[in-house]
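The sequence shown begins at 1 in full-length UniProt numbering and counts up by one.
As structure tokens, the structure follows; a few thoughts come after it.
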Amino acid sequence: MLDCLIVGAGFGGLTVATQLVRRGHDVMVLEARDRIGGRVDNARFSSGELVEQGGQWVFPNHDRMLELIDEAAAATMPANPGKLLVVQQGDVRAVEQSPDEHSHRTPFAAADLGQGVLRLRRLAERTVSDPAWAGANTAWLDQPMERWLTANLRTPSAQRDLRGALRAVVHGPLSDTTLGDVLTHVRAGVDMENLIATNGDIGQVRLVDGVLQLAERMAAQLEGRVRLSTPVVTIDQEDDAVVVVTSEGEQIRARTAVLSVPPWLAKDLVWAPQLDPWRYETVQKTPAGAIIKCHMLFEPPWWRDAGLSGQMAADDGPVRVTFDTSDPASERGILMGFFEGAEAATLTKFSASMRERVFRDALVTVFGEQAATPLEYLDHDWGADPFTKGSHGAHFAPGLWSVTGQQLGARFGRVHFAGAEYASKFNGYMEGAVRSGTDTAAQVVMQLHGQ
């Protein structure tokens, strides 16, 4: 009988597996897809250019991911130099990107934004250091984040920049997120300064051959312990074992199991005994983030000749951010962007050719007519992916994260959980998945040894 059966071969599950194998335990990883990586995946244009359809960037404070990069001796690329295009109320202006992230703001707006971030940090610290105060102010902490933002920041540009950064954290409108939930993210290690400096960018460096190579390296270290194209449908717990049933009816027994799939997929499995009611209720109120990631190929990369980085930040429209995600040495260039939230929910119902038209038109509106003649378009709709049904960043209902959301990673009998949504720090990121996997592996070892 296996020591541990892991369901899901993303960063969370692969981290659990590699950690347990290093400790001498017998493990197996089951993956429903025909590939490893989970919400990290690559594709190529017909001309061969690589695009990363899922997780892509690594922050300077993502220590576990940086360790994986170092171990793999993987080459990284910084963000492309050049001006950022800022779109506010239909007005497009080019802004110098400077090591001083406040350089494009007036002194008053920069001070306003700095004070707003400082207030958030102090409030986050107080909710931990003074639980009596937090308990007495529950109703105030449950106010919509949008209300707090407009009441505490006075300048439109500071409000816009903080709003854009926080949207990258909560993956939805601030009117649907509470102040308390934002403070939980701040305590969990969100780097506000980096988010604001890059107008919502979720990372600082990317890998030359894509971040998927790190997951592939981890899977290779498992030496045949990963089985692909093996969906799991049932998890049955006995007194001394977990019995996992695949879609083909195969039964696999293990002393423990780790479920490394998003919570909204976990609830759809057949459980015996049933999952705790509070888990179902929490997940029912926590829809997956809706994101369609889009890439458009151009030749030449005309924005570079214009002194632009390819990065855009808009306050409205179907595409709110873009980035240049191409090889800086290539004669071709790639502009990447997202359809998010309501836009993604609408456009998932349309064809890829219609999404291409909407994406192209959005680029033309900001960058000009040169964006009207791309060579090729690719996108990936994570909500339509049957083994994902959503993207990074589960959207917790107001107040839910602080009440039960943080407990989703707690083990259920002999079944443990690992992945980005179960992380106590960097929740929703690849870094969170790796950290969660490390913590879960330690918990599995303790259970196997009767502790």
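Glycine included, every Cβ here is placed at the ideal spot set by N, Cα and C.
Residues near residue i by beta carbon distance below 6 Å, same chain, minus five either side
i: LEU141; result: LEU179, GLY180
i: LEU68; result: LEU214
i: PRO263; result: VAL283, LEU408, GLU421
i: PHE298; result: GLY333, PRO374
i: PRO144; result: SER175
i: residue 454; result: Examination of residue 454 is not possible in this model, given that the chain is present from 1 through 451 alone.
i: GLU356; result: TYR377
Where residue i sits in the DSSP three-state scheme
i: VAL95; result: strand
i: GLY177; result: The sequence given here has Thr at residue 177, not Gly. Coil, per DSSP.
i: PHE45; result: coil
i: PHE412; result: strand
i: PHE11; result: helix
i: GLY116; result: helix
i: ILE69; result: helix
i: GLU238; result: coil
i: ARG187; result: helix
i: THR325; result: coil
i: PRO144; result: strand
i: GLN159; result: helix
i: MET1; result: coil
i: SER247; result: coil
i: VAL27; result: strand
i: GLN407; result: helix
i: VAL51; result: strand
i: MET330; result: Going by the sequence as given, residue 330 is Ser instead of Met. SER330 falls in the coil class under three-state DSSP.
i: ALA167; result: The identity of residue 167 in the sequence shown is Arg, whereas the question assumes Ala. The answer is helix: DSSP assigns ARG167 an H, G or I state.
i: SER229; result: coil
i: VAL182; result: helix
Beta-carbon proximity of residue i to residue j, cut-off 8 Å
i: LEU174; j: ARG160; result: no
i: GLY12; j: GLU31; result: no
i: VAL21; j: LEU259; result: no
i: VAL205; j: THR76; result: yes
i: VAL170; j: THR440; result: no
i: MET296; j: LEU363; result: yes
i: ASP324; j: ASN42; result: no
i: VAL415; j: GLN237; result: yes
i: GLY383; j: THR346; result: no
i: TRP278; j: ILE235; result: no
i: LEU269; j: VAL242; result: no
i: ARG304; j: GLY90; result: no
i: ALA165; j: ILE36; result: no
i: ASP34; j: LEU228; result: yes
Cβ-based neighbour list, residue i, same chain, cut-off 8 Å, excluding 5 preceding and 5 following
i: LEU85; result: VAL92, ARG93, ALA94, VAL95, LEU308, GLN311, MET312, ALA313, VAL366, PHE367
i: MET430; result: PHE11, VAL40, GLY55, VAL58, HIS62, MET65, VAL211, ALA420
i: PHE338; result: ILE291, ILE292, LYS293, CYS294, VAL319, ARG320, VAL321, ALA344
i: PRO300; result: GLU331, ARG332, GLY333
i: ARG360; result: MET296, ALA371, ALA372, PRO374, TYR377
i: SER46; result: GLU376
Test: residue i CB closer than 8 Å to a CB of chain D
i: VAL27; result: Here there is only one protein chain, and chain D is not present.
Host beta strand (DSSP E) of residue i (start-end)
i: PRO78; result: 76–78
i: MET312; result: 308–314
i: TRP271; result: 270–272
i: MET296; result: 291–298
i: ARG253; result: 251–259
i: ARG206; result: 205–207
i: VAL319; result: That residue, VAL319, is in no beta strand (DSSP E); it is neither H nor E in DSSP.
i: LEU363; result: Unbroken run through LEU363 is the alpha helix (DSSP H), 352–367; no beta strand (DSSP E).
i: GLU422; result: Reading off the sequence, residue 422 comes out as Tyr, not Glu. Looking at the DSSP string, TYR422 is not in any beta strand (DSSP E), and its letter there is neither H nor E.
i: GLN89; result: Here GLN89 belongs to no beta strand (DSSP E), and DSSP marks it neither H nor E.
i: ASP381; result: 376–381
Distance between beta carbons of residue j and residue i, contact taken as under 8 Å
i: THR246; j: THR230; result: 5 Å
i: ILE291; j: ASP379; result: In fact, because the Cβ distance is near 10 Å, the residues do not count as touching under 8 Å.
i: LEU50; j: THR127; result: At roughly 43 Å, the Cβ-Cβ gap does not stay under 8 Å, so LEU50 and THR127 are not in contact.
i: LEU2; j: ARG411; result: About 17 Å; that fails the 8 Å criterion.
i: ASP112; j: ALA158; result: 4 Å
i: ALA442; j: GLY432; result: Rounded, the Cβ-Cβ distance is 16 Å, inconsistent with contact.
i: LEU275; j: LYS285; result: Wrong, their Cβ atoms sit about 15 Å apart, outside the cutoff.
i: HIS25; j: LEU448; result: 7 Å
i: VAL87; j: ASP315; result: 6 Å
The alpha helix (DSSP H) enclosing residue i, as first and last residue numbers
i: TYR280; result: 277–284
i: ASP439; result: 430–448
i: GLY337; result: GLY337 -> not in any alpha helix (DSSP H); beta strand (DSSP E) instead, spanning 333–340.
i: GLU216; result: 212–221
i: ASP305; result: 302–305
i: LEU265; result: 263–266
i: PRO131; result: 131–136
Beta-carbon proximity list for residue i, same chain, < 7 Å, skipping 5 on both sides
i: ASN152; result: GLY116, ARG119
i: GLY413; result: GLN237
i: LYS389; result: TRP264, LEU265, ALA288, GLY383
i: GLU71; result: none
i: LEU149; result: GLN159, LEU162, ARG163, LEU174
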